[in-house]
Amino acid sequence: MIGVISVLVSIVVFLVPFAFVILQAMKTPAAASRLAFSWPEEIVFVENIVEVMTMRDGIVPRAFVNSTILTVTSVVIMVIAAAMVGFVLQRRASRWNPVVNFFVLAGLIVPPAVVPTIWLLQTLGLFKTLPGLILIEATFGLSFCILLFRAFVGTIPRELDEAALIDGAGPFRLFFTVVLPLMKPTVITVIVVQSVVVFNDFTNPLYFLPGDENATVQLTLYNFLSQMLNQWNLLFTDVLLITIPPLVMYMFFNRQIVAGMTAGAVKG
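Structure follows, in structure tokens:
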């Protein structure tokens with residue numbers, strides 16, 4: 001009974017809003033402005049997609065390119081850096097470990113300070129640049145990734161490290177050829193979860209990457225809202241286009257996400 005109720009609640013919470021978005025994206029401007037949960041009298045879905053993709057000299061396709069570059073680069077940095085830090089924290093006892101653990105946990109708890117971060121980016125000449133936002137996204141997601149990798153490294157037998165060292169492997173060869181391939185479940189989890197987080201991020205691009213040339217997909221929603229006119233049909237079409245990539249990624253990798261999240265839960 002509880003399972004049936006959970007399924008029904010999930011349908012209401014997730015599928016009904018998604019169906020509402022699809023219906024509005026299929027309507028004409030006049031019909032969509034009523035925001036009614038009803039089948040469209042006239043289906044103009046393809047026309048809405050074409051208009052969204054061509055508006056303002058193709059700002060939406062340009063935003064998809066920017067978001068793809070931002071997401072891929074940020075996630076690659078997070079995976080490599082967090083895997084290395086997690087491996088070192090788990091394998092090597094040091095008097096600095098408590099200090100590092102403190103800052104890792106602080107990264108999860110302490111909210112980011114926008115104004116000092118903008119000042120730092122301006123000082124480094126990275127404000128309003130894609131590399132600057134890539135560093136921001138990678139930094140903000142690093143703490144969560146480190147905790148996942150550290151927990152998973154605890155399940156890898158130390159005998160593998162010792163055998164690789166006896167065979168003459170150095171620290172980098174040990175990590176990249178022995179340890180990192182064994183982290184595949186956690187790597188997939190980090191890639192999927194952080195890709196969705198970065199791709200769907202709205203506030204960081206708004207603060208640290210203003211300007212049409214640097215627009216990300218979430219910021220394109222502003223194109224269809226104004227004080228004088230709200231283009232609801234185009235807004236929901238844009239929302240649908242933005243939702244599809246993370247949804248497809250989750251559908252293909254949902255089992256790997258669960259496996260990666262639970263892989264370090266029990267040491268065995």
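Following UniProt numbering, the numbering of the sequence shown begins with 1 at its first residue and continues without gaps.
Using N, Cα and C, we set each Cβ at its ideal position, and we do this for glycine too.
For residue i, count neighbouring C-beta atoms within 10 Å of its own C-beta (all shown protein chains included) and say buried if the count is 16 or more, exposed if not.
i: Met-251; result: exposed
i: Gly-58; result: exposed
i: Thr-203; result: exposed
i: Gly-268; result: Any answer about Gly-268 is weak, because its pLDDT of 43 lies below 50 and its placement is not dependable; what the coordinates show is given next. Per the 10 Å Cβ criterion, exposed.
i: Arg-56; result: exposed
i: Glu-137; result: buried
i: Thr-177; result: exposed
i: residue 269; result: Because residue 269 is not part of the residues shown, which for the chain are 1 to 268, the question remains open.
i: Pro-185; result: buried
i: Gly-170; result: exposed
i: Ala-106; result: exposed
Quick one: give me the first and last residue of the alpha helix (DSSP H) that residue i is part of.
i: Ser-10; result: 2-10
i: Ala-164; result: 158-166
i: Lys-184; result: 184-199
i: Gly-132; result: 130-153
i: Thr-208; result: Looking at the sequence shown, residue 208 is not Thr but Phe. From DSSP, the alpha helix (DSSP H) with Phe-208 extends over 203-208.
In three-state terms, what does DSSP make of residue i?
i: Met-26; result: coil
i: Gly-125; result: coil
i: Ile-64; result: According to the sequence displayed, residue 64 carries Phe and not Ile. Residue state, collapsed to three classes: helix.
i: Ser-33; result: coil
i: Gly-58; result: helix
i: Thr-216; result: coil
i: Trp-232; result: helix
i: Glu-42; result: coil
Which ranges does the alpha helix (DSSP H) cover as unbroken runs of at least 4 residues, wholly within the region 76-120, from first to last along the chain? 97-109
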